[in-house]
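Participant:
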Amino acid sequence: MSVDATARIVAERGGLPVLRGEGPLALRRTRASGPYTRVTVVGAMSAPLGGDRLAIEAEVRDGARLTVDSAAATLALPGRTPLPARYEVGLTVGEDAELRWLPEQLISAAGSDLRMHTRVELAATARLVLREEQILGRYGEEPGTLATRLAVRRAGRPLLDQELSYGPGAPDGWDGPAVLGGLRAAGQLLVVDPALEEKPAEPRLLGESAVLTPLAGPGLLVTAAAPDARGLRRVLDEVLAKVLEALDATP
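With positions in the sequence shown counted from 1, the corresponding number in the working numbering is that position plus 9.
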């Protein structure tokens, strides 16, 4: 039997007026430092499986600071139905608000089929740090089919719209030298901050298979690939540490 579940988070300056998990998406308020409220997503059951429809909605209202992470990786598995699983993430960040969206890796197991779509709506003075990591197959196995889309709008205008496809259901060439070149871990780190309008980031290589790209707006995107999850996290963590240090120093 397929699962249809939606979890919702609403953060305000004074706390969390809404914290509602559902099905496999359990939400826990956890210890945080500084001005941030922290929520951890805890998997209450195996998901997503084929045919499941999962969603997480997070709203950070004006002036609030929220960090969302997860207790473990998300494992996409084949189900009893041939239908793909769907995972929708909807994020809204208000004026002078900040969201740090830092889940653990998404693992695409052999035989799985997952379509993931992340939509982000940012106010003009909102700040965002968002990390996504895709691990293509567990150790020693081929990946499943994975299609992801990340669409970000700021002040009502498009800032980033990116689609990625991997595995046997993806177009030819996804594993070729122009894309992954045989690597099995891919990830993105997106930073949006009004401070980047006056001091945009400089494009640069971050090793053999990672690059920092400034966006046409107050943001930057780090795209990286690595042989495994550990190597990917090491690259993204180095950038993330510098980003968080800079954000924490901003009044």
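All C-beta atoms in this analysis are idealised placements derived from N, C-alpha and C, irrespective of residue type, glycine included.
This one's a predicted model, so the numbers in the text were calculated from it and none came from an experiment.
Assign Thr83 to buried or exposed, taking buried as 16 or more other Cβ atoms, counted over all protein chains shown, within 10 Å of its Cβ.
Facilitator: On the sequence shown, position 74 is the one that residue 83 refers to. Thr83 is buried by the Cβ-count criterion.
Participant: In the DSSP assignment, what residue or residues form a beta bridge with Arg220?
Facilitator: Here residue 220 refers to the residue found at position 211 of the sequence shown. According to the sequence as given, residue 220 is Val; it is not Arg. Leu214, Thr232, per the DSSP bridge assignment.
Participant: Straight-line CA distance for Ser79 to Arg140?
Facilitator: Counting from one through the sequence shown, the residue named residue 79 turns up at place 70. Counting from one through the sequence shown, the residue named residue 140 turns up at place 131. Their backbone Cα atoms lie some 12 Å apart in a straight line.
Participant: Pull up the distance between the alpha-carbon of Leu221 and that of Met10, whole angstroms please.
Facilitator: Translated into the one-based positions of the sequence shown, residue 221 becomes position 212. Translated into the one-based positions of the sequence shown, residue 10 becomes position 1. About 43 Å.
Participant: Does DSSP put Ala41 in a helix, in a strand, or in coil?
Facilitator: Counted from its first residue, the sequence shown places residue 41 at position 32. DSSP places Ala41 in coil when its eight states are reduced to three.
Participant: For a quick check, are the C-beta atoms of Ala67 and Gly103 less than 9 Å apart?
Facilitator: Sequence index remark: in the sequence shown, residue 67 carries index 58 (1-based). Sequence index remark: in the sequence shown, residue 103 carries index 94 (1-based). Not a contact, by the Cβ cut-off of 9 Å.
Participant: Taking the CB atoms as reference points, tell me whether Ala94 and Gly88 lie closer together than 9 Å.
Facilitator: Within the sequence shown, residue 94 is the residue found at index 85, counting from 1. Within the sequence shown, residue 88 is the residue found at index 79, counting from 1. Yes, Cβ-Cβ distance for Ala94 and Gly88 is below 9 Å.
Participant: At what residues does the beta strand (DSSP E) containing Glu130 begin and finish?
Facilitator: Mapped onto the sequence shown, residue 130 falls at position 121. Segment 122 to 131, the beta strand (DSSP E) holding Glu130.
Participant: Would the beta-carbon of Ala160 fall within 9 Å of that of Asp122?
Facilitator: The residue given as residue 160 occupies position 151 in the sequence shown. The residue given as residue 122 occupies position 113 in the sequence shown. Not closer than 9 Å, so no.
Participant: On the CB-based measure, 16 or more other CB atoms within 10 Å of its CB, does Thr157 come out buried or exposed?
Facilitator: By one-based count along the sequence shown, residue 157 stands at place 148. Label assigned to Thr157: buried.
Participant: For Val77, is the classification buried or exposed, using 16 other Cβ atoms within 10 angstroms of its Cβ as the cut-off for buried?
Facilitator: Walking along the sequence shown from the start, residue 77 turns up at place 68. Val77 is buried by the Cβ-count criterion.
Participant: Note the first and the last residue of the continuous beta strand (DSSP E) segment covering Leu205.
Facilitator: Working through the sequence shown from its first residue, we reach residue 205 at position 196. From DSSP, Leu205 is part of no beta strand (DSSP E) but of the alpha helix (DSSP H) over 204 to 207.
Participant: What does DSSP give as the partner residues of Ser117 in its beta bridges?
Facilitator: For the purposes of this step, residue 117 is taken as residue 108 along the sequence shown, with counting starting at 1. According to DSSP, Ser117 bridges with Ala85, Leu145.
Participant: Please report how far the alpha carbon of Ala35 lies from the alpha carbon of Glu97, in whole angstroms.
Facilitator: The sequence position of residue 35 within the sequence shown is 26, counting from 1. The sequence position of residue 97 within the sequence shown is 88, counting from 1. Cα to Cα, Ala35 sits roughly 16 Å from Glu97.
Participant: With three or more beta-carbon pairs closer than 8 Å as the criterion, would you say the segment 241 to 253 touches the segment 134 to 152?
Facilitator: Verdict: yes, contact present.
Participant: Could you compute how far the alpha carbon of Arg22 sits from the alpha carbon of Leu75?
Facilitator: Walking along the sequence shown from the start, residue 22 turns up at place 13. Walking along the sequence shown from the start, residue 75 turns up at place 66. Taking the straight line from one Cα to the other gives about 9 Å.
Participant: Does the segment 210 to 221 come close enough to the segment 172 to 182 that 3 or more CB-CB pairs lie under 8 Å?
Facilitator: No, they do not touch.
Participant: Can the beta-carbon of Glu142 be found closer than 9 Å to that of Ala118?
Facilitator: If you number the sequence shown from 1, residue 142 lands on position 133. If you number the sequence shown from 1, residue 118 lands on position 109. No; because the gap between Cβ atoms is not below 9 Å, this pair is not in contact.
Participant: Please state whether DSSP places Leu189 in a helix, a strand or coil.
Facilitator: Looking up residue 189 in the sequence shown gives position 180. Reduced to three states, the DSSP call for Leu189 is coil.
Participant: Could you spell out the range, first to last residue, of the beta strand (DSSP E) harbouring Ser55?
Facilitator: Residue numbering aside, residue 55 sits at position 46 when the sequence shown is read from its first letter. Counting along the chain, Ser55 falls outside any beta strand (DSSP E), and DSSP gives it neither H nor E.
Participant: Would you kindly check if the distance between the Cβ of Arg193 and the Cβ of Leu145 is under 9 Å?
Facilitator: On the sequence shown, position 136 is the one that residue 145 refers to. On the sequence shown, position 184 is the one that residue 193 refers to. In this structure, Arg193 lies closer than 9 Å to Leu145 by Cβ.
Participant: Could you check the C-alpha separation between Glu280 and Leu229 for me, to the nearest Å?
Facilitator: What the structure shows of the chain is the stretch from 10 to 260, and residue 280 is not part of that stretch, so it cannot be assessed.
Participant: Is Leu173 helix, strand or coil by DSSP?
Facilitator: Taking the sequence shown and counting its residues from 1, the one referred to as residue 173 is at position 164. Leu173: strand per DSSP, three-state reduction.
Participant: Quick one: Cα of Pro91 to Cα of Leu100, how far?
Facilitator: As a working mapping, residue 91 is identified with position 82 in the sequence shown. As a working mapping, residue 100 is identified with position 91 in the sequence shown. One C-alpha to the other measures close to 29 Å.
Participant: Determine the closest residue to Leu168 out of Gly185, Leu199, Pro177, Tyr175, with distance taken between C-alpha atoms.
Facilitator: Counting from 1 along the sequence shown, the entry for residue 168 is found at position 159. The shortest Cα separation from Leu168 among Gly185, Leu199, Pro177, Tyr175 belongs to Leu199.
Participant: Pull up the DSSP beta-bridge partners for Glu97, would you.
Facilitator: If you number the sequence shown from 1, residue 97 lands on position 88. According to DSSP, Glu97 bridges with Ala64, His126.
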